[in-house]
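If you want our numbering, it's the position in the sequence shown, counting the first as 1, plus 230.
No residue lacks a Cβ here, since even glycine has one placed at the ideal position from N, Cα and C.
Taking it in order: structure first as structure tokens, then the write-up.
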Amino acid sequence: MPLTDLMYARGSTRAFLPRPVPTELVRSIIGAAGQAPSGTNIQPWQIHVVTGTVRNQVSDAVQFAATQPVERPEWTYDYYPKAWRDPYLARRRACGWGLYGLLGIQKGDRAAGLAQELRNFKFFDAPVGLFLFIDRDLGRGSLLDCGMFLQNLMLAAQEVGLATCPQAAWVPFDTIVRGILTVPDSQMLVCGVALGYPDPSAPVNRYRPGRLEVDAYTTWHDLPPSSSPR
Ligand SMILES: Cc1cc2nc3c(=O)[nH]c(=O)nc-3n(C[C@H](O)[C@H](O)[C@H](O)COP(=O)(O)O)c2cc1C
231 MPLTDLMYAR GSTRAFLPRP VPTELVRSII GAAGQAPSGT NIQPWQIHVV TGTVRNQVSD
291 AVQFAATQPV ERPEWTYDYY PKAWRDPYLA RRRACGWGLY GLLGIQKGDR AAGLAQELRN
351 FKFFDAPVGL FLFIDRDLGR GSLLDCGMFL QNLMLAAQEV GLATCPQAAW VPFDTIVRGI
411 LTVPDSQMLV CGVALGYPDP SAPVNRYRPG RLEVDAYTTW HDLPPSSSPR
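Following this line, the structure appears as structure tokens:
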């Protein structure tokens, strides 16, 4: 599939088949992702792949932590704004309600909302989970590099019939995830990714949030003819 078609075809997948993913395939996708550019080629990403028992251990520990009636730990980095405002607030709400609508979750049904949130911590049943870390003392630009790694990874997966869901939901549970994977405190969790074969029969996978038109976020600066260089 041409690259542009893959970009349009990719979507966050929130229901996976139990079908295992060959390790060599995961390795090749990670290798392709690692071709991402990074400022001065520092390649700041550190990837942990979890399957089998370790996957289940992380999943159980975070599901448990997420249901405890205690204040959620601080995010290790501010992925989302501290105070939401429009137009982002409206877009965020539209995204949430679009997803919940497909799942039949009514406004105010907190139990159903929490249950869906907790599915994050089962990697939406994907057999493979990835965690992306970086050294904490790096600059904010390294997060940009990680974003490029992540997009490469998702497109490489898409190309071979796999699906992904990037997951910031794991970030507040950085300490638990690092503890199980023995990642030192000098590193921080950037995000998780669910990876596997998509479940084509799951309604949630039909969710395709729309995008703005190009001109809604692009400003064109044409030189007026009179000021064109001779
Ligand atoms: C870095 C990042 C973190 C995300 N975290 C989550 C998450 O924790 N849970 C989730 O269900 N979706 C998560 N998403 C998916 C977004 O909701 C999704 O990308 C957005 O709604 C656009 O939809 P699409 O990916 O299907 O095109 C995340 C996306 C990104 C890029």
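**OP:** Check whether the Cβ atoms of residue 386 and residue 266 sit closer than 8 Å, and answer yes or no.
**Re:** Here residue 386 refers to the residue found at position 156 when the sequence shown is read from its first residue. Here residue 266 refers to the residue found at position 36 when the sequence shown is read from its first residue. In this structure, residue 266 does not lie closer than 8 Å to residue 386 by Cβ.
Exercise. Would you call the CB atoms of residue 244 and residue 420 closer than 8 Å?
Worked result: Locating residue 244 in the sequence shown gives position 14, counting from the first residue. Locating residue 420 in the sequence shown gives position 190, counting from the first residue. In this structure, residue 420 does not lie closer than 8 Å to residue 244 by Cβ.
Checklist line | Own chain residues within Cβ distance below 7 Å of residue 322, not counting five before or after | finding: Here residue 322 refers to the residue found at position 92 when the sequence shown is read from its first residue. Once the five neighbours on either side are set aside, the close Cβ partners of residue 322 are 314.
Alpha carbon to alpha carbon, how far is residue 241 from residue 395? Give it in angstroms, no decimals. Walking along the sequence shown from the start, residue 395 turns up at place 165. Walking along the sequence shown from the start, residue 241 turns up at place 11. So the alpha carbons of these two residues sit roughly 8 Å apart.
According to DSSP, which residues form a beta bridge with residue 418?
As a first step, residue 418 is located in the sequence shown; it is residue number 188 there, counting from the start. In the DSSP output, where bridge partners are listed per residue, residue 418 has 364.
- Determine, using beta carbons only, whether residue 426 and residue 247 come nearer to each other than 8 Å. For this step, residue 426 is matched to residue 196 along the sequence shown. For this step, residue 247 is matched to residue 17 along the sequence shown. It is a contact, given that the beta carbons lie within the stated cut-off.
Note to self: Bridge partners for residue 461 per DSSP, in chain order?
What the structure shows: Nothing can be reported for residue 461, as the shown portion of the chain is limited to 231 through 460.
Discussion item. Report the CB separation of residue 348 from residue 291 in whole angstroms; it is logged as a contact under 8 Å.
Written reply: Position 118 of the sequence shown, counted from the first residue, corresponds to residue 348. Position 61 of the sequence shown, counted from the first residue, corresponds to residue 291. Actually they are not in contact, since the Cβ atoms of residue 348 and residue 291 sit about 13 Å apart, beyond 8 Å.
Specify the secondary structure class of residue 262 as computed by DSSP and reduced to three states.
Within the sequence shown, the letter at position 32 stands for residue 262. Helix.
Practice prompt. Would you please state the rounded distance, in angstroms, between the beta carbons of residue 260 and residue 383? I believe it to be under 8 Å.
Written response: Taking the first residue of the sequence shown as 1, we reach residue 260 at position 30. Taking the first residue of the sequence shown as 1, we reach residue 383 at position 153. The Cβ separation is near 7 Å, so the contact holds.
Exercise for review: Report yes if the C-beta distance between residue 417 and residue 276 is below 8 Å; otherwise report no.
Suggested key: In the sequence shown, the residue the question calls residue 417 occupies position 187. In the sequence shown, the residue the question calls residue 276 occupies position 46. Yes; because the gap between Cβ atoms is below 8 Å, this pair is in contact.
*In the structure shown, what three-state DSSP assignment does residue 394 receive?*
Walking along the sequence shown from the start, residue 394 turns up at place 164. Correct three-state label for residue 394: strand.
State buried or exposed for residue 339, treating a residue as buried only when at least 16 other CB atoms are found within 10 Å of its CB.
In the sequence shown, counting from the first residue as 1, residue 339 sits at position 109. When all chains shown are included, residue 339 counts as exposed.
I'd like to confirm something about residue 397: is its beta-carbon nearer than 7 Å to some heavy atom of ligand 1, or not? By 1-based counting over the sequence shown, the position of residue 397 is 167. Yes, ligand 1 has a heavy atom inside 7 Å of this Cβ.
**Item:** Bridge partner(s) assigned by DSSP for residue 359
**Value:** Your numbering for residue 359 matches position 129 in the sequence shown. Bridge partners of residue 359: 280 and 424.
key: Cβ neighbours of residue 336 in the same chain (closer than 6 Å, five flanking residues each side left out)   = Taking the sequence shown and counting its residues from 1, one reaches residue 336 at position 106. Correct list: empty, nothing qualifies.
Return the CA-CA distance between residue 450 and residue 444, expressed in angstroms with no decimal places.
Counted from its first residue, the sequence shown places residue 450 at position 220. Counted from its first residue, the sequence shown places residue 444 at position 214. Taking the straight line from one Cα to the other gives about 11 Å.
- First and last residue of the uninterrupted alpha helix (DSSP H) at residue 347: By 1-based counting over the sequence shown, the position of residue 347 is 117. Where residue 347 is concerned, the enclosing alpha helix (DSSP H) stretches over 340-349.
**Prompt:** So, helix, strand or coil for residue 312, using DSSP?
**Reply:** For the purposes of this step, residue 312 is identified with residue 82 of the sequence shown, where counting begins at 1. DSSP places residue 312 in coil when its eight states are reduced to three.
Subject >> Alpha carbon of residue 403 to alpha carbon of residue 302, nearest angstrom >> reply: Residue mapping note: residue 403 aligns to position 173 of the sequence shown, counting from 1. Residue mapping note: residue 302 aligns to position 72 of the sequence shown, counting from 1. If you take the alpha carbons of residue 403 and residue 302, they lie about 9 Å apart.
Check for me: the alpha helix (DSSP H) holding residue 381 runs from which residue to which?
In the sequence shown, counting from the first residue as 1, residue 381 sits at position 151. 371-389 is the extent of the alpha helix (DSSP H) around residue 381.
| field | C-beta atoms of residue 306 and residue 423 nearer than 8 Å | value | Here residue 306 is taken as the residue at index 76 of the sequence shown, counted from 1. Here residue 423 is taken as the residue at index 193 of the sequence shown, counted from 1. No; because the gap between Cβ atoms is not below 8 Å, this pair is not in contact.
Margin query: Let's see if you can read the secondary structure: which residues bound the alpha helix (DSSP H) around residue 437?
Written below: If you number the sequence shown from 1, residue 437 lands on position 207. Here residue 437 belongs to no alpha helix (DSSP H), and DSSP marks it neither H nor E.
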